[in-house]
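There are 2 protein chains.
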Amino acid sequence: MKKQNTGKLKIIPIGGLEQIGMNITAFEYEDSIIVVDCGLAFPEDDMLGVDLVIPDITYLKDNADKLKGFVITHGHEDHIGALPYVLKEINLPLYSTKLTLGIIENKLKEHNLLRSTKRKVVRHGQSINLGKFRIEFIKTNHSIQDASALAIYSPAGIVVHTGDFKVDYTPVFGDAIDLQRFAEIGKKGVLALMSDSTNAERPGFTQSERTVGITFDHIFAEHQNTRLIIATFASNVDRVQQIINSAYKYGRKVVVEGRSMVNIISTASELGYLNVPKNTLIEIDQLKNYPPEKTVLITTGSQGESMAALSRMAADVHRKITIMPNDTVIFSSNPIPGNEKAVSRVINELSAKGANVIFQDVHVSGHACQEELKLIYSLVKPKYAIPVHGEYRHLKANAGIAQSLGIPKENIFILQSGDVLEISEKSAKVVDKVHTGAILVDGLGVGDVGNIVLRDRQHLAEDGIMIVVLSLERGTNRLLAGPDIVSRGFVYVREAEALMEEARQVVEEALEKCLAGKHADWNKIKLTVRDTMNDFIWKRTKRRPMIIPIIMDVDV
Amino acid sequence: MKKQNTGKLKIIPIGGLEQIGMNITAFEYEDSIIVVDCGLAFPEDDMLGVDLVIPDITYLKDNADKLKGFVITHGHEDHIGALPYVLKEINLPLYSTKLTLGIIENKLKEHNLLRSTKRKVVRHGQSINLGKFRIEFIKTNHSIQDASALAIYSPAGIVVHTGDFKVDYTPVFGDAIDLQRFAEIGKKGVLALMSDSTNAERPGFTQSERTVGITFDHIFAEHQNTRLIIATFASNVDRVQQIINSAYKYGRKVVVEGRSMVNIISTASELGYLNVPKNTLIEIDQLKNYPPEKTVLITTGSQGESMAALSRMAADVHRKITIMPNDTVIFSSNPIPGNEKAVSRVINELSAKGANVIFQDVHVSGHACQEELKLIYSLVKPKYAIPVHGEYRHLKANAGIAQSLGIPKENIFILQSGDVLEISEKSAKVVDKVHTGAILVDGLGVGDVGNIVLRDRQHLAEDGIMIVVLSLERGTNRLLAGPDIVSRGFVYVREAEALMEEARQVVEEALEKCLAGKHADWNKIKLTVRDTMNDFIWKRTKRRPMIIPIIMDVDV
């Protein structure tokens with residue numbers, strides 16, 4: 004009789020569920036924990052002034068003795084971006100494919116973490132042993148090269164994690180997704196499939212990256228008399244490769260512009276993921292040596308990011324490139340939700356400068372649509388389905404697909420970050436909830452901006468601030484100076500001098516009354532100033548600026 | 004020999020070009036000016052705290068003696084929303100169709116302008132004479148009823164202005180667009196066509212509003228066991244009519260929820276634009292008397308507006324409606340650019356509460372696509388084309404359509420707000436530029452928030468504020484109290500006590516040095532405080548909060 008394994012596998016998403024970004028998931032079996040991915044999220048609209056968001060890893064720190072390593076599926080920011088911050092708190096070895104690690108190493112260098120971080124390149128098809136786990140890297144396709152799915156072997160069973168993926172039968176570089184291996188592992192019996200939900204609402208199949216290359220060829224053929232400027236995602240090396248291919252075919256020189264793109268392209272070239280024909284790439288300063296119609300610029304800024312190269316060109320503040328009436332500008336991208344207006348602004352600016360802007364059908368997604376998800380479910384045939392990577396609506400759509408393929412509803416888990424899913428052949432159940440959260444990074448500060456600061460920023464942003472200062476004599480509370488009023492972000496003071504003077508008088512009167520009273524402690528004085536000012540300003544303007552009363556205690 | 008008319012027509016867009024919203028255009032011939040529409044715009048993302056934006060009408064005020072009246076094409080906010088503000092500055096009569104005027108009158112009531120404003124209902128096919136102009140109202144279709152195109156007859160020739168329009172051969176209420184009249188006027192010879200560019204980038208034909216009714220019927224048929232909640236634009240009375248029709252057919256009671264929707268529906272009912280079968284509409288408080296599957300809610304909030312009824316339901320803060328796991332929620336709308344994330348948030352919240360959310364293919368646009376624009380150009384056959392209503396990219400696409408139909412490039416004018424286009428049979432040319440602009444409305448304040456205030460709000464929003472106060476003895480500049488530091492929106496002070504104390508010390512030292520010097524005037528002291536603080540905070544946090552030094556002058 005086969006020995007029954009009594010241990011249970013715990014799957015704990017530390018971040019990344021019901022949101023885009025911040026993907027990080029712990030797999031725990033007895034004394035072993037491995038962590039899949041360690042991504043950042045970009046700030047939401049209400050996180051004013053915040054640069055980026057990283058996961059709260061309290062649970063990992065509390066279980067530091069069990070941690071075996073980070074296993075990284077691919078090199079996008081939402082899967083690797085928090086590493087430099089997290090590694091400062093828990094020093095763990097990293098495991099990933101070559102290009103992924105190359106991109107991570109650029110980050111580690113910037114944060115002075117290269118020497119202190121152990122790392123190992125894993126090839127597709129290869130496995131690594133980490134504590135009670137064995138992790139196999141499986142080739143997939145995505146909008147960045149070298150993406151992997153993971154087969155996570157534990158004594159409780161096999162979990163397959165797709166990472167971010169699509170099925171591309173004709174990829175630009177390297178092999179198609181290793182469907183046979185998915186099938187083989189499926190045959191062994193898979194406990195759970197965790198699959199990418201990003202496009203789970205979209206019917207059909209995502210097109211091959213190669214179709215974009217064909218579109219590029221058409222565009223190059225049709226625009227032989229104009230300069231071409233193509234914006235795309237910095238990390239999409241295959242896209243860049245195809246632009247270079249078309250450029251070479253049509254005898255154009257290629258300039259790469261934008262810091263993040265230059266970085267990734269140089270890493271990809273060094274590691275052999277990009278094939279550039281001799282004398283094709285030129286420096287931006289050499290552009291003047293070629294007729295415009297013999298050049299193509301590949302640039303960042305496809306999301307309308309205000310500081311990116313294309314946005315600078317559109318706004319006429321780029322140091323080296325000026326948009327000309329004959330330019331053809333191509334957005335090889337779709338706007339990520341939330342960026343639509345910014346992209347549209349750049350398109351308007353470019354059009355107004357006379358450029359011909361192409362923004363439709365020059366992009367394919369890197370994520371699996373419904374038919375691809377069905378394919379993976381059907382190859383892997385998991386007992387449990389755990390949709391990952393997406394907002395709630397996407398997870399739910401993925402769950403719907405699983406159910407339509409015959410996985411019983413009670414075997415499908417839409418988890419929240421922090422849920423502890425205990426899973427075995429016999430059962431699966433959320434048994435606990437661990438502490439998780441989002442830590443805001445603002446400048447050098449990690450975690451020093453929280454809800455109170457954000458609430459204040461929101462208040463300041465909407466209505467500005469009025470500061471009321473006064474000096475009181477220590478002991479007697481005699482008014483020595485003030486009240487003086489300073490405001491910012493409220494009204495343009497020169498236009499509102501009368502209002503401000505009236506406000507001062509109203510506060511002064513209230514203050515005199517208050518100070519004449521017997522128990523005028525500072526709290527009462529401040530409250531009087533704040534309430535009086537609030538009432539007056541609301542009545543007169545229907546606005547509520549932040550009111551800050553400041554009392555100076557003067558010992559004369 | 005026919006007498007040659009020597010006068011020239013001037014077309015002056017006061018707002019609305021290269022932007023969405025704030026449509027207002029002056030037509031001037033000798034001593035007569037008529038104004039077409041008077042809309043507001045919604046604030047851009049960088050207009051922090053601003054409620055709405057209205058056009059600067061300096062040009063109209065400067066030419067008040069010529070003004071004959073406002074001619075309004077339809078009742079959407081971007082065409083009527085600025086009227087209450089503008090009418091307070093220039094009192095002019097209003098001319099529009101019945102429903103349009105009914106909606107305007109609701110606004111005038113709120114602003115106490117009903118008695119002081121002359122107004123006249125014009126029927127489709129009817130003309131009015133205003134100074135040297137005759138204006139004919141022509142029936143069109145749009146996402147609000149009673150929309151009109153205008154044929155503006157001047158001694159210099161006829162200008163046709165489409166307003167916002169689509170071609171709907173099978174409208175829900177009233178007649179299809181009066182294509183015959185467009186043709187007839189075209190036959191007479193039209194100087195210029197000003198046509199709606201909103202959908203000029205989209206190929207094909209916009210579907211009939213009636214197709215949405217068919218979709219509703221399918222949805223009602225397929226969801227007979229769940230409550231239905233349908234969100235759409237408040238002003239789309241035809242959409243509401245179709246929901247009511249389906250509800251009646253399937254024996255459901257209808258509740259209308261959301262203030263703006265209740266207002267417009269009651270106006271439309273009173274004026275006979277909505278046909279509600281007896282006992283179909285019920286009050287929200289009566290809902291409890293019916294099984295959920297026998298009810299349908301029509302609600303505002305289809306754009307994810309945080310204060311709207313549907314958003315409140317989704318966030319579980321609606322006073323009367325709680326989302327139930329069996330509800331079917333339908334977004335009968337597309338997100339307006341910029342609202343995508345807000346809409347997605349509401350969809351996520353509804354899904355997480357177990358509701359089934361339908362958001363695809365339950366909406367048609369109210370604007371003409373490329374084939375409809377071609378149709379209108381071909382019926383009107385104008386000498387000049389002036390694309391209106393849209394961002395630059397849309398105007399340019401419309402211009403491209405005009406050119407593809409044989410209108411010479413030099414006869415197509417993409418105008419900017421303020422351009423004075425002088426136009427006659429012989430020639431057309433931008434001859435002048437008049438003052439225009441956007442006036443920001445914030446609470447009761449109209450125009451008291453400008454660039455400086457917005458820049459300050461942006462700064463405060465991103466990095467917060469640090470206030471440094473000190474008291475100096477008058478005459479001697481002896482430091483009597485302070486420096487004290489108060490911050491908001493910068494760091495959570497309890498976590499950063501050490502940083503704040505260090506900052507205080509650094510400023511104190513710099514201050515002591517500065518005060519010991521001979522020429523320590525207040526400007527120098529403030530500059531010292533600001534620079535010292537800026538340097539210190541930047542070095543330690545890589546942030547730049549706004550620094551406000553305040554000196555109190557104390558006479559002891």
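Chains L and S are the protein sequences, given in the same order.
Under the working numbering, think of the first position of the first sequence as 4, with each following residue one higher.
Under the working numbering, think of the first position of the second sequence as 4, with each following residue one higher.
Where is the CB? At the ideal position from N, CA and C, for every residue including glycine.
Could you tell me if residue i is buried or exposed, where buried requires 16 or more neighbouring beta carbons within 10 angstroms of its beta carbon?
{"i": "S/SER119", "result": "exposed"}
{"i": "L/MET25", "result": "buried"}
{"i": "S/ARG481", "result": "exposed"}
{"i": "S/VAL98", "result": "The sequence as given places Tyr at residue 98 of chain S; Val does not occur at that position. Result: buried."}
{"i": "L/HIS79", "result": "buried"}
{"i": "S/GLY189", "result": "buried"}
{"i": "L/ASN401", "result": "buried"}
{"i": "L/GLY10", "result": "exposed"}
{"i": "L/LYS5", "result": "Confidence in L/LYS5 is poor, its pLDDT being 45 and thus under 50, which makes the residue's placement too unreliable to answer from."}
{"i": "S/ILE106", "result": "buried"}
{"i": "S/VAL320", "result": "exposed"}
The alpha helix (DSSP H) spanning residue i covers which residue range?
{"i": "L/ASP639", "result": "The structure shown does not extend to residue 639 of chain L, since chain L is modelled only from 4 to 559, so the question has no answer here."}
{"i": "L/VAL125", "result": "Segment: none, L/VAL125 is in no alpha helix (DSSP H) and carries neither H nor E."}
{"i": "L/GLU187", "result": "182-191"}
{"i": "S/ALA402", "result": "395-407"}
{"i": "S/ASP466", "result": "454-466"}
{"i": "S/PHE219", "result": "212-225"}
{"i": "S/PHE136", "result": "Taken as a continuous stretch (DSSP letters only), S/PHE136 belongs to no alpha helix (DSSP H), being part of the beta strand (DSSP E) at 136-142."}
{"i": "L/VAL205", "result": "Residue 205 of chain L is actually Arg in this sequence, not Val. From DSSP, L/ARG205 is part of no alpha helix (DSSP H); its letter is neither H nor E."}
Are residue i and residue j close, meaning C-beta to C-beta below 9 Å?
{"i": "L/VAL562", "j": "L/LEU300", "result": "There is simply no residue 562 of chain L to check, as chain L begins at 4 and stops at 559 in what is shown."}
{"i": "S/LEU182", "j": "S/VAL170", "result": "yes"}
{"i": "L/HIS82", "j": "L/ILE75", "result": "yes"}
{"i": "S/ALA312", "j": "S/ILE326", "result": "no"}
{"i": "S/VAL449", "j": "S/VAL472", "result": "no"}
{"i": "S/ILE247", "j": "S/PRO294", "result": "no"}
{"i": "S/PRO46", "j": "S/GLY18", "result": "no"}
{"i": "S/PHE168", "j": "S/ILE155", "result": "no"}
{"i": "L/PRO385", "j": "L/VAL163", "result": "yes"}
{"i": "L/LEU502", "j": "L/THR535", "result": "no"}
{"i": "L/PHE30", "j": "L/SER211", "result": "no"}
{"i": "S/LEU277", "j": "S/LYS256", "result": "no"}
Between which two residues does the beta strand (DSSP E) carrying residue i extend?
{"i": "L/TYR251", "result": "Segment 240-252 is the alpha helix (DSSP H) holding L/TYR251; no beta strand (DSSP E) there."}
{"i": "S/ASP81", "result": "Looking at the DSSP string, S/ASP81 is not in any beta strand (DSSP E); the run it does join, the alpha helix (DSSP H), is 80-83."}
{"i": "S/ASN578", "result": "As shown, chain S starts at 4 and ends at 559. That puts residue 578 of chain S outside it, with no answer to give."}
{"i": "S/MET555", "result": "549-557"}
{"i": "S/GLY72", "result": "70-74"}
{"i": "L/ASP445", "result": "441-445"}
{"i": "L/ALA234", "result": "231-234"}
{"i": "L/GLU260", "result": "256-260"}
With a threshold of 9 Å between beta-carbons, can residue i be considered close to chain A, or not?
{"i": "S/GLY84", "result": "The structure shown contains no chain A; the protein chains it does contain are L and S."}
Inter-stretch contact (C-beta, 8 Å, three-pair minimum) for the region 505-514 of chain S and the region 450-460 of chain S: Touching, no.
Given 8 Å, three or more beta-carbon pairs between the region 211-231 of chain L and the region 358-372 of chain L: yes
Cβ contact check for the region 142-162 of chain S and the region 234-248 of chain S: 3 or more pairs under 8 Å: yes
Inter-stretch contact at 8 Å, needing at least 3 Cβ pairs: the region 374-393 of chain L / the region 413-432 of chain L: Between the region 374-393 of chain L and the region 413-432 of chain L there are three or more C-beta pairs closer than 8 Å, enough to call the two in contact.
Residues of the region 478-497 of chain S with Cβ closer than 8 Å to any Cβ of chain L, in chain order: Those residues of the region 478-497 of chain S that come within reach of chain L (Cβ to Cβ, closer than 8 Å) are LEU483, ALA484, GLY485, ASP487, VAL489, ARG491, GLY492, PHE493, VAL494 and TYR495.
Validate contact between the region 326-335 of chain L and the region 368-376 of chain S using beta carbons, cut 8 Å, 3 pairs: Segments in contact, no.
Short-range partners of chain L found in the region 390-421 of chain S, where Cβ spacing is below 8 Å: GLU394, TYR395, ARG396 and LYS399
Stretch pair the region 98-110 of chain L + the region 119-133 of chain L: three plus CB contacts closer than 8 Å: Judged by Cβ distances under 8 Å, the region 98-110 of chain L makes contact with the region 119-133 of chain L, as three or more pairs qualify.
Positions along the region 522-546 of chain S whose CB lies within less than 8 Å of some CB in chain L: ARG543, THR544, LYS545 and ARG546
Near-chain L residues of the region 445-471 of chain S - C-beta to any C-beta below 9 Å: Against chain L - using a Cβ distance shorter than 9 Å - the residues of the region 445-471 of chain S are ASP445, GLY446, LEU447, GLY448, GLY450, ASP451, VAL452, GLY453, ASN454, ILE455, VAL456, LEU457, ARG458, ASP459, ARG460, GLN461, HIS462, LEU463, ALA464, GLU465, ASP466, GLY467, ILE468 and ILE470.
Residues, ordered as in the chain, of the region 336-356 of chain L that lie near chain S by beta-carbon distance below 7 Å: PRO340, GLY341, GLU343, LYS344, SER347, ILE350, ASN351, SER354 and ALA355
Selection of the region 360-386 of chain S by Cβ proximity to chain L, strictly under 8 Å: Here the close residues are VAL360.
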